[in-house]
Amino acid sequence: MAGEEAAIVFAIQKKIIGKFRDQCATDPRQAMTLESLNIRKRVAVKSLIKKKILVEAPDDRFYLDEEAAEELFKNRRWIFLIVIIFAIIGLLAAYFLNP
């Protein structure tokens, strides 16, 4: 169940990041409120703020740190790749070790 929840949060975070990119809210001068982007401050948003992917600006506005967002996606790609590699190793081990 935790894996499913994480996948849902990741998908929501990707949509949130997309909204900021679509509105070019990627620097303090272009910061926007979450309400103006139709985003609620829930777990996915709080996580992005904690990781400094969404950076708070004055007047309760936020902007996207593009470098931090790219780093997040890069890390997730590595994790996905590692999981796939271990799954393949597990399948190969099961295939070759079973008589």
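Residues in the sequence shown are numbered consecutively from 2, following the numbering used here.
Virtual Cβ for every residue (Gly too), placed ideally from N, Cα, C.
Quick caveat, the model's predicted, so the values are computed rather than measured.
(Q) Here's a check: name, in chain order, each residue in its chain whose Cβ is nearer than 7 angstroms to the Cβ of Ile17, leaving out the five neighbours to either side. (A) Ile40, Ala45, Val46, Leu49
Q: Check whether the region 24–32 touches the region 59–73, taking contact to mean three or more Cβ pairs, one atom from each stretch, closer than 8 angstroms.
A: yes
Q) Smallest Cα separation from Asp23: which of Ile80, Ala88, Ser37? A) Checked all of Ile80, Ala88, Ser37; the closest Cα to Asp23 is Ser37.
Q) Met2 by DSSP, collapsed to three states: which one? A) With a pLDDT of only 46 at Met2, under the threshold of 50, the placement of this residue in the model should not be trusted; the figure read from the coordinates follows. If DSSP states are grouped into helix, strand and coil, Met2 belongs with coil.
Q: Can you say whether Phe81 is buried or exposed, counting buried as having 16 or more other CB atoms within 10 angstroms of its CB?
A: exposed
Q: Might you give, ordered along the chain, the residues of its own chain that have their beta carbon closer than 6 angstroms to the beta carbon of Arg77, omitting 5 neighbours on each side?
A: none
Q.
Any beta carbon of chain B sitting closer than 9 angstroms to that of Met33?
A. No chain B is present in this structure, which holds just one protein chain.
Q: Might you give, ordered along the chain, the residues of its own chain that have their beta carbon closer than 8 angstroms to the beta carbon of Glu28, omitting 5 neighbours on each side?
A: The residue you asked about is not Glu; residue 28 is Asp in the sequence shown. Here the set comprises Tyr64.
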